[in-house]
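Number of protein chains: 8
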Amino acid sequence: MKHSVFENLGFARTEPHRIRRQGFPEAIYCPGKTDAQILQIFASLLKGPGPVMATRVRSTTARALCVQFPEAKYHESARLVVAKPLRRVRKRKSVCVLTAGTADYPMAEEAAITAEVLGRSVTRIYDVGVAGIHRLLSYERVFSKASSVIVCAGMEGALASVVGGLVSCPVIAVPTSIGYGSNMKGVAALLTMMNSCAANVSVVNIDNGFGAGVIASLISK
Amino acid sequence: MKHSVFENLGFARTEPHRIRRQGFPEAIYCPGKTDAQILQIFASLLKGPGPVMATRVRSTTARALCVQFPEAKYHESARLVVAKPLRRVRKRKSVCVLTAGTADYPMAEEAAITAEVLGRSVTRIYDVGVAGIHRLLSYERVFSKASSVIVCAGMEGALASVVGGLVSCPVIAVPTSIGYGSNMKGVAALLTMMNSCAANVSVVNIDNGFGAGVIASLISK
Amino acid sequence: MKHSVFENLGFARTEPHRIRRQGFPEAIYCPGKTDAQILQIFASLLKGPGPVMATRVRSTTARALCVQFPEAKYHESARLVVAKPLRRVRKRKSVCVLTAGTADYPMAEEAAITAEVLGRSVTRIYDVGVAGIHRLLSYERVFSKASSVIVCAGMEGALASVVGGLVSCPVIAVPTSIGYGSNMKGVAALLTMMNSCAANVSVVNIDNGFGAGVIASLISK
Amino acid sequence: MKHSVFENLGFARTEPHRIRRQGFPEAIYCPGKTDAQILQIFASLLKGPGPVMATRVRSTTARALCVQFPEAKYHESARLVVAKPLRRVRKRKSVCVLTAGTADYPMAEEAAITAEVLGRSVTRIYDVGVAGIHRLLSYERVFSKASSVIVCAGMEGALASVVGGLVSCPVIAVPTSIGYGSNMKGVAALLTMMNSCAANVSVVNIDNGFGAGVIASLISK
Amino acid sequence: MKHSVFENLGFARTEPHRIRRQGFPEAIYCPGKTDAQILQIFASLLKGPGPVMATRVRSTTARALCVQFPEAKYHESARLVVAKPLRRVRKRKSVCVLTAGTADYPMAEEAAITAEVLGRSVTRIYDVGVAGIHRLLSYERVFSKASSVIVCAGMEGALASVVGGLVSCPVIAVPTSIGYGSNMKGVAALLTMMNSCAANVSVVNIDNGFGAGVIASLISK
Amino acid sequence: MKHSVFENLGFARTEPHRIRRQGFPEAIYCPGKTDAQILQIFASLLKGPGPVMATRVRSTTARALCVQFPEAKYHESARLVVAKPLRRVRKRKSVCVLTAGTADYPMAEEAAITAEVLGRSVTRIYDVGVAGIHRLLSYERVFSKASSVIVCAGMEGALASVVGGLVSCPVIAVPTSIGYGSNMKGVAALLTMMNSCAANVSVVNIDNGFGAGVIASLISK
Amino acid sequence: MKHSVFENLGFARTEPHRIRRQGFPEAIYCPGKTDAQILQIFASLLKGPGPVMATRVRSTTARALCVQFPEAKYHESARLVVAKPLRRVRKRKSVCVLTAGTADYPMAEEAAITAEVLGRSVTRIYDVGVAGIHRLLSYERVFSKASSVIVCAGMEGALASVVGGLVSCPVIAVPTSIGYGSNMKGVAALLTMMNSCAANVSVVNIDNGFGAGVIASLISK
Amino acid sequence: MKHSVFENLGFARTEPHRIRRQGFPEAIYCPGKTDAQILQIFASLLKGPGPVMATRVRSTTARALCVQFPEAKYHESARLVVAKPLRRVRKRKSVCVLTAGTADYPMAEEAAITAEVLGRSVTRIYDVGVAGIHRLLSYERVFSKASSVIVCAGMEGALASVVGGLVSCPVIAVPTSIGYGSNMKGVAALLTMMNSCAANVSVVNIDNGFGAGVIASLISK
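Protein chains in written order, with our numbering: chain A, 701 to 921; chain B, 701 to 921; chain C, 701 to 921; chain D, 701 to 921; chain E, 701 to 921; chain F, 701 to 921; chain G, 701 to 921; chain H, 701 to 921.
This is the structure in structure tokens:
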């Protein structure tokens with residue numbers, strides 16, 4: 701591999717062909733970057749084979765991107781802007797995305813759309829938290845067709861362990877920043893998931909739906 | 701029990717009859733939900749026997765709920781919207797709600813109104829923190845008629861232990877986010893209450909007046 | 701109430717009649733106390749109506765207590781020494797004690813025996829953690845006869861929330877120090893339980909089986 | 701699925717056939733359990749199809765298990781006792797296990813042997829921490845044949861991110877408790893891995909080699 | 701002031717006359733020092749006017765000090781070795797030392813003896829924690845004759861706030877490491893005291909009886 | 701003492717004569733209270749002998765107080781509103797207030813004015829942090845005339861220890877929330893001060909100038 | 701050295717000639733200071749030989765400074781205002797400033813401009829984080845001409861360790877507050893850098909580009 | 701550079717010539733390694749030009765090393781074993797190593813001997829903590845001849861800031877684990893140093909004398 705694959709923008713060094721090297725593209729994490737920087741990086745990454753993704757996009761930035769790049773599409777609930785998504789690949793199993801509560805929706809959508817952009821089929825099952833466990837149990841048959849399950853949960857994050865005990869595939873736990881008081885913006889959920897008694901659970905950072913989507917895509921490869 | 705008792709709204713799965721199953725209703729925790737979502741969930745829960753409760757309601761949302769649902773009532777200080785409260789049940793003992801200071805008022809009201817909505821009688825004794833211990837001691841006779849005592853306290857949260865040493869019923873401690881500096885938004889009070897030398901004290905999350913009200917109601921059952 | 705009810709031993713001031721005042725006795729928390737001190741306090745408390753309880757008793761201390769006081773009995777697994785327990789009171793409902801795993805046994809026994817010493821009937825259901833959720837669900841009928849449920853769980857402590865969503869009585873969660881790494885000796889489980897999405901869950905300190913037993917007894921009163 | 705698949709030992713409820721249900725067996729986490737309990741659970745699990753695994757085994761317990769159960773084998777460096785391992789399955793890709801330093805060896809072996817017990821081929825590359833990055837880079841070709849990479853690293857745990865940027869498969873990061881001072885027994889490494897800028901990294905608990913081995917096995921399925 | 705007042709022992713630079721400069725002597729904090737070092741520093745400080753104090757002394761070290769220096773006296777419960785204490789000074793008011801429980805005894809004795817060594821009169825009131833508040837209230841008259849009150853408390857440390865609300869002098873709070881679970885070796889008590897709603901409470905480090913004794917002595921000057 | 705000394709406002713129970721009982725008045729901590737509540741409490745406390753103090757006053761509230769109560773005076777930099785301050789008492793020694801930097805000014809003024817309101821003389825020495833230690837040393841003579849020294853410092857808070865080593869009176873350390881990054885809003889300074897190697901330093905909560913002023917006043921009594 | 705070198709502004713004591721004494725000037729850290737205070741301090745420091753630097757300057761303050769002092773220049777991206785910078789000194793080696801990502805730009809510029817203001821040559825290499833390690837490795841030759849390397853990195857901060865293993869000069873690590881979730885505003889990056897397995901890495905506070913620039917300048921002296 | 705410079709021992713990959721590449725050797729951090737592993741790595745590193753260093757050596761391991769390798773020398777107080785140290789290089793300036801207290805001695809010696817092994821002259825000034833600031837100030841002339849100053853301090857760690865304000869060279873702060881209570885094994889000192897108001901201070905991990913010695917050596921190059 702050569703370093704010539706990087707494009708030097710001065711403030712940034714992009715890698716438009718990362719998907720060839722790693723199976724997933726370099727994404728633009730927008731917080732802390734100016735709109736001008738984001739537009740320039742987006743343009744640079746468009747030189748690659750795609751897909752191009754920007755995450756945690758402010759709505760004003762999203763509009764600027766969509767104006768500048770007609771191929772870009774804004775997924776508002778997931779705070780994503782996407783261009784050149786991959787075609788859906790036919791597989792026997794799909795990626796399953798769960799939420800514990802309604803407020804976990806944006807992170808779950810970030811995960812689900814990321815997996816779809818990378819060509820995977822996604823099954824969404826939302827608001828099946830453990831306070832009403834029977835909601836969850838009615839989906840046991842669906843789980844048997846999952847290549848992996850992404851669990852987005854805030855508050856105490858107990859859903860990941862319960863799902864971990866029901867399925868026979870890897871569980872990717874996404875602690876969310878939903879909660880209050882001793883939740884400490886997701887840290888409580890993160891610790892719950894980290895200490896899961898189910899051996900098939902691994903964890904990504906708080907609210908990191910993008911990472912979960914990438915990992916689920918690589919697993920189903 | 702069947703999962704058919706859940707209503708699937710896509711982004712949410714509600715359980716309007718939870719009170720039959722558990723003795724307390726599913727409540728709508730509003731932060732992180734859009735007004736449209738809250739209205740839809742409220743409507744769904746109204747199909748049950750009631751009561752219906754929304755907690756931590758933004759004032760604009762509260763107004764929207766009251767306009768849409770004439771049976772809904774907004775308790776501003778407690779940030780609650782309630783519909784179809786239960787009738788007051790006659791009992792020999794009442795739920796006693798205490799605050800250490802004036803700023804703990806909203807959490808105490810959330811607890812008190814929740815218990816009332818669930819049909820309990822409530823006695824309020826506010827601003828009896830330990831810096832003037834004699835304020836508290838003058839209420840010893842009242843405590844003997846309590847089925848449980850809810851103690852809302854921020855700062856150092858010492859009131860829970862002192863009350864725990866005075867009463868012969870369970871004490872439900874609600875650490876509040878009132879304080880500054882090393883209080884860390886209620887964590888100091890939570891730790892104080894957690895480590896209480898009084899054996900009859902248990903603790904709920906910071907500012908969780910709703911949970912305290914539910915537990916007090918179940919105890920007095 | 702008068703302060704003359706306290707006996708002054710110099711290094712300690714005991715209250716042998718606390719059970720009359722509060723419905724539960726003063727217990728001797730042994731760590732940090734010498735054997736001589738524990739024996740003296742035990743003797744002092746025996747002047748009251750009983751029961752007398754020492755918690756977290758070292759085995760050598762336990763033997764010394766049993767030699768000195770023939771009425772004392774050592775419950776090794778629960779690390780308790782008890783004298784003059786109350787008679788079992790007949791009730792329609794019992795206290796239900798659950799553990800998530802085998803290692804939570806000592807804390808569960810501390811809770812269960814405390815409740816029994818205070819005259820309550822106890823139902824034990826051990827090792828029903830969420831990694832095999834169907835173990836738990838098979839006990840739903842038992843839960844309907846519980847006045848309260850004590851849940852002892854370490855690791856991620858998710859069991860408390862699941863049980864909270866199944867029962868119609870208060871749940872007293874006891875985080876245990878069982879776990880490793882980011883469990884931080886029970887802090888992860890404590891945070892999980894504190895942030896429970898089930899409104900009927902309150903929490904006591906890590907490994908505090910005694911407190912849970914006391915509260916369960918007061919609830920069933 | 702039925703709850704009859706559980707065996708009730710009183711202090712424990714085992715599930716000997718979990719591997720049929722979930723693709724990996726129930727393992728015995730030994731800390732906090734007595735030797736007698738471990739032996740009883742091991743015997744119960746042996747009634748299933750296997751494999752049977754005990755983790756974090758004290759050397760005295762290991763000897764007792766090997767005496768009692770001739771089919772049991774003690775892997776000392778990994779602190780594992782194993783019976784009835786699965787046959788190696790032929791696959792194009794193998795599980796790759798890396799360590800940053802020599803002291804991460806036990807956790808890496810726990811992960812590697814777990815994957816082997818579950819029938820996977822494992823490639824071990826040890827002591828390739830980032831302080832000498834060229835050690836790592838010389839293995840790029842090996843990584844291309846990995847179904848997943850397990851990275852065991854203590855201290856600052858930077859290896860996970862660097863590997864994450866080199867491979868096209870999921871990376872399972874195992875923070876280890878190796879380090880001192882502000883490492884806080886692995887918490888620093890855990891946070892590093894949690895915040896990885898590489899999107900294909902997910903994390904398990906500190907020193908949790910077993911979990912990493914299970915997940916790697918499920919991915920390669 | 702001149703630096704010549706320091707004696708250079710190579711590994712240490714002692715100041716035998718610090719009491720003249722600051723009103724309290726340099727004390728030898730023993731943990732982390734070898735017996736040989738402690739003996740040498742003790743000898744050096746004995747060249748000053750006294751008193752000489754060693755804190756947190758291991759019993760073997762204490763014996764070595766008493767053998768070497770006949771004027772040295774070992775206070776075992778307080779883990780102090782003292783030589784050349786000051787004469788008791790007659791004052792209208794005394795230093796009052798309180799403990800919440802029996803296990804706080806060593807820290808309280810360290811504080812009390814330090815104040816006595818510096819010539820103050822001390823009133824000890826032990827085991828008056830808030831779980832039996834009436835024990836404490838019976839001493840209100842004693843408090844009115846205190847120049848300052850030292851409160852030693854572990855667990856939740858609530859005693860400091862209650863005392864702060866009863867007295868008209870400064871309260872020096874000593875959080876102790878007595879407790880378990882979320883007490884985190886005294887951190888919970890420290891936070892409680894730090895956040896006291898009583899304005900006359902200041903705090904020293906966990907178990908720092910020596911510092912509390914010094915400050916009480918300076919206040920009564 | 702009688703509880704009749706408290707005035708019951710429903711949401712609050714004030715104690716206008718606390719200064720008689722404790723030597724310092726009840727102050728109104730404004731955050732979390734509405735303007736209406738603050739005005740009512742202020743009016744109630746004015747029935748006592750004074751002084752009356754409100755702390756952390758929002759500027760709008762301050763104006764409302766000054767309009768309603770002509771005797772009230774707003775100290776803007778210290779965020780205090782004061783009525784009926786005590787007369788200055790002639791003493792040989794004064795309270796000395798130090799800051800480490802310019803940004804610690806508001807907390808220092810809160811402390812200084814509180815002591816003045818309680819009748820003490822105050823010497824202010826501002827911006828003498830340890831990065832230029834010679835600034836501080838030039839004031840050694842002033843320190844010898846201090847009854848106590850209040851040290852307000854943020855960042856690393858090292859000033860408290862250095863001053864503690866220079867003076868022969870108690871040092872009251874006020875960690876301030878000035879700083880960034882790992883300062884964690886004053887927690888770093890708090891820990892520094894808590895662990896001071898100078899035995900005469902005690903600590904109050906972050907930014908708690910009021911408490912420091914009260915304690916200094918009680919010491920100089 | 702004399703204390704007369706300080707100028708007393710009442711609220712501040714400036715040291716205009718600090719650069720003579722220490723090799724770097726006193727800088728004005730702007731947060732927590734009013735514009736009036738900043739202008740007065742700037743004027744005072746201009747009496748020295750320079751350079752004069754204000755850090756973390758609000759844009760309105762920057763404009764006020766530039767209007768008042770024509771020699772002042774605003775570096776917007778670095779949030780610095782500078783007057784009277786030193787001349788560039790010719791050296792064989794330069795200070796090398798690296799960033800892991802685009803969002804670390806402001807802190808890197810603060811470090812780079814600080815070093816330039818102190819007369820050093822600076823080489824900037826931005827956006828070379830470890831997710832694309834080959835970007836970094838292509839600069840190995842540049843590193844051999846560095847007197848020191850400043851590494852600005854947020855997220856997991858792994859870049860510092862990798863660079864530490866490549867260079868033969870000191871590495872000054874600047875954790876940045878860039879990141880989310882368990883990054884906790886830079887604390888994760890700080891811990892990573894603190895625990896670096898590369899022995900030549902030392903760390904400054906989160907976002908402290910100024911300190912890194914000063915240290916790099918002193919090293920190249 | 702080539703990866704052939706690494707020797708593969710299976711459990712470890714050593715780099716005997718690292719000093720040529722980086723200016724300091726690979727050191728053996730002993731905790732977590734067996735004696736057999738340490739001996740093998742030591743032998744491997746001896747093939748390089750030296751020096752060879754093992755840090756945090758257990759005394760039994762040290763003896764084994766000295767028996768096996770006659771050129772090895774054990775520095776007991778510093779817990780170091782060293783072979784083939786570099787010759788002292790003549791320089792105008794020396795590395796200055798300070799401790800705040802006697803208990804910081806081992807870390808200071810680790811730093812000092814590391815610098816000496818790398819050929820630097822070292823000046824030791826021990827036990828000059830801030831509680832007696834005049835001890836420190838008497839060394840101002842010595843500081844002017846320092847190429848860098850290493851400050852080892854536990855407790856509150858204030859010495860680093862004070863020294864930072866006195867010298868014109870970089871200060872490398874080594875927080876030590878000396879202290880108790882809220883010191884949290886060095887974390888308090890680490891935070892103090894991290895937040896230093898002196899701009900020339902950077903920090904290494906708790907007790908990391910080796911790293912400080914390496915950095916000081918590189919600075920004086």
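Don't be surprised by glycine CBs; every beta carbon is placed ideally from N, CA and C. Just so we're clear, the structure is a prediction, and the values are computed from it rather than from any experiment.
Beta-ladder partner(s) of residue i, from DSSP
| i | result |
| --- | --- |
| ALA808 (chain F) | Note: ALA808 (chain F) sits in no beta bridge, so no partner. |
| ASN708 (chain C) | C:ARG713 |
| SER848 (chain E) | E:VAL795 |
| SER868 (chain D) | According to DSSP, which records beta bridges pairwise, SER868 (chain D) is partnered with nothing at all. |
6 Å CB neighbourhood of residue i in its chain, flanking five on each side removed
| i | result |
| --- | --- |
| PRO725 (chain A) | ARG718, ILE719, PRO751 |
| ALA697 (chain B) | There is no way to answer for residue 697 (chain B), as the model of chain B reaches only from 701 to 921. |
| ILE773 (chain E) | Correcting the residue identity first, residue 773 (chain E) is Lys in this sequence and not Ile. Within the same chain, LYS773 (chain E) has close Cβ partners VAL782. |
| GLY857 (chain D) | PRO875, ALA889, THR892, MET893 |
| LEU746 (chain C) | VAL752 |
Residues near residue i by beta carbon distance below 7 Å, same chain, minus five either side
| i | result |
| --- | --- |
| LYS793 (chain F) | LYS845, ALA846, SER847, SER920 |
Beta-carbon contacts of residue i that lie in its chain and below 8 Å, excluding the five residues immediately before and after
| i | result |
| --- | --- |
| TYR839 (chain C) | ILE825, VAL828 |
| LEU739 (chain A) | ALA764, LEU765, GLN768 |
Inset, instruction - Identify each residue in the segment 906-917 of chain E for which the Cβ-Cβ distance to at least one residue of chain F is less than 7 Å, and report them in chain order. - result: PHE910, GLY911, VAL914, ILE915
Legend entry - Touching by the beta-carbon criterion (3+ pairs, under 8 Å), the segment 865-873 of chain C and the segment 828-844 of chain A: yes
Legend entry - Continuous alpha helix (DSSP H) assignments of at least 4 residues falling wholly in the segment 745-826 of chain H: 759-768, 805-817
Legend entry - Any 3 or more C-beta pairs closer than 8 Å across the segment 810-820 of chain B and the segment 763-772 of chain B: no
Legend entry - Within 7 Å of chain E by C-beta, residues of the segment 864-887 of chain H in sequence order: ILE878, TYR880, GLY881, SER882
Legend entry - Chain-ordered residues of the segment 785-813 of chain G with a beta carbon less than 7 Å from chain A: THR802, ALA803, TYR805
Legend entry - Cβ-based contacts, 8 Å cut-off: residues of the segment 821-849 of chain C near chain B: GLU840
Legend entry - Whole beta strand (DSSP E) elements within the segment 851-909 of chain F, 3-residue minimum: 871-875, 901-903
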